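A.B. asks: Using our numbering, the first residue of the sequence shown is number 7, and each one after it goes up by one.
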Amino acid sequence: MINNSLTIRRLAIISPQLEPLPHDAQWVPQCLTHEEQLMLVEEIRQIVTAAPLFVPKMPRTGKPMSVRMTNCGPLGWVTTKEEGYRYQAMHPETGEKWPDMPATLLKLWDKYADYPKPPEACLVNFYEASAKMGLHQDRDENNFDAPVLSISLGDTCLFRIGGENRKDPTKSFKLTSGDMMLLTGKSRMAFHGVDRIYPGTSTLLKQDGRINLTLRRVTA
Ligand SMILES: O=C(O)CCC(=O)C(=O)O
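(1) Taking the DSSP output, what are the residues bridged to His198?
(2) Does the separation of the CB atoms of Pro105 and Phe60 fall below 8 Å?
(3) Below 7 Å, is the gap between the Cβ of Asn149 and the nearest heavy atom of ligand 1?
(4) I need the DSSP call for Ala204, collapsed to helix, strand or coil.
(5) Judging by CA-CA distance, which residue of Val224, Lys192 and Thr182 is the nearest neighbour of Pro35?
(6) Please return the same chain residues whose Cβ sits closer than 8 Å to the Cβ of His142, not counting the five positions on each side in sequence.
(7) Does the stretch 80–95 touch the stretch 35–49, meaning 3 or more C-beta pairs lie closer than 8 Å?
(8) What residue does the beta strand (DSSP E) around Lys180 start on, and which one ends it?
(9) Among Lys63, Gly140, Pro125 and Ser158, which has the Cα closest to the Cα of Arg166?
(10) Check whether the Cβ atoms of Arg194 and Ala127 sit closer than 8 Å, and answer yes or no.
(11) Within a Cβ cutoff of 8 Å, which residues of the same chain sit near Gly101, ignoring the five residues on either side of it in sequence?
(12) Taking just the CA atoms, how far does Leu164 sit from Met7?
(13) Under three-state DSSP, which class holds Lys63?
(14) Would you check if there are 3 or more beta carbon pairs closer than 8 Å linking the stretch 117–136 to the stretch 202–218?
(15) State buried or exposed for Asp161, treating a residue as buried only when at least 16 other CB atoms are found within 10 Å of its CB.
(16) Under three-state DSSP, which class holds Ala226?
(17) Beta carbon of Gly206, beta carbon of Pro28: below 8 Å?
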């Protein structure tokens, strides 16, 4: 009985190479070489030194999210109990401007985003081994024409993506360090989330965990 249910759960994790993703979301496995990933992690360390990780809080309830986060670029995404989800130019705790977005990320956007204007925000999410992110849409931007470009660094995660309605069927698959996802076109408004982290699956970071970077255009 136990074996059967394990088999069924394993089969539910698809291979995006073999089966198209909902609404043609794009997945580029190993988009970054190991060297590029190491360089990017070093750049993220400098960003975190200037703009320390903070715990985002859910609007209204104030419940802490399980990821810690920061941002780089002219704008950053933040959320607090009182003011909810929003983009702003200042770190919510230090009051300082966000650090610049590294050239490596701007180049990735130029190469893959197929959008004429640069990204304005890069969210840096840090997932400890037990962290996850519920199914959600990225809809706090004023511009849904530009894609959301996402990079995975560190431990593998189980990523889930569905359609434009919360109840649409979803597909799950593993994102590994160096992979890129592009939510573009119809998939721009797809519900997506991270169900779990697989600790110990990467040695890129000094500790267990995963970093996810999402590049977004916020204004039109
Ligand atoms: O960690 C991920 O792969 C997804 C992150 C995400 O959905 C978000 O920052 O909105």
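Where a beta carbon is used, it is the ideal one built from N, C-alpha and C, also for glycine. Treat the numbers as computed from the prediction; the structure is a model and nothing was measured.
C.D. replies: According to the structure data:
(1) His142 and Ile167
(2) Taking 8 Å as the Cβ cut-off, Pro105 and Phe60 do not qualify as a contacting pair.
(3) no
(4) According to the sequence displayed, residue 204 carries Tyr and not Ala. Tyr204 falls in the strand class under three-state DSSP.
(5) Thr182
(6) Phe197, His198 and Gly199
(7) no
(8) Lys177 to Leu181
(9) Ranking Lys63, Gly140, Pro125 and Ser158 by Cα distance to Arg166 puts Gly140 first.
(10) no
(11) Closer than 8 Å at Cβ, skipping near neighbours: no residue.
(12) Because Met7 carries a pLDDT of 37, less than 50, the predicted location of this residue cannot be relied on, and the following value inherits that uncertainty. Taking the straight line joining both Cα atoms gives about 24 Å.
(13) strand
(14) yes
(15) Burial of Asp161 is indicated by the presence of at least 16 other C-beta atoms within 10 angstroms of its C-beta.
(16) coil
(17) In this structure, Pro28 does not lie closer than 8 Å to Gly206 by Cβ.
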